[in-house]
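One structure is given below, encoded as structure tokens.
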Amino acid sequence: MVTFGIKKKKKKRKKERRKPLAWKLKIIIFFRWIMDAILSTCKKVIVKMFDLLTSTQMHSRNLN
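In my numbering, the protein residues as written are 20 to 83.
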């Protein structure tokens, strides 16, 4: 019975340690989500710019 009590106490300590880690993970995930959103918007802008450049090149080729 004594060993079981010690094991239960250890489990409780692990749960207490996990709580702040989960909080940190949530912050990291939130920052990553923001970064992904910024990167995706930047990529969309870059893609639009490339599309404009390619479309203008195609038009110039067709004219020639």
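Note that beta-carbon positions come from the ideal geometry of N, C-alpha and C, so glycine has one too. No experiment lies behind these values; they were computed from the predicted model shown.
Check your understanding: Between Lys62 and Ile46, what straight-line distance do the alpha-carbon atoms span, to the nearest angstrom?
Key -> Each residue's alpha carbon lies about 24 Å from the other.
Review point. Could you give the distance in angstroms between the alpha-carbon of Ala56 and the alpha-carbon of Lys43?
Key: Each residue's alpha carbon lies about 20 Å from the other.
Review point. Using the C-alpha atoms, what's the distance from Phe49 back to Leu71?
Key: For Leu71 and Phe49, the distance between alpha carbons rounds to 33 Å.
Check your understanding: From Ile65 to Thr73, what does the alpha carbon distance come to, in whole angstroms?
Key -> Their backbone Cα atoms lie some 12 Å apart in a straight line.
Practice item. For Ile46, decide whether its Cβ has a neighbour in chain C, counting only Cβ atoms nearer than 8 Å. Key: This model lacks chain C altogether, as it is built from one protein chain only.
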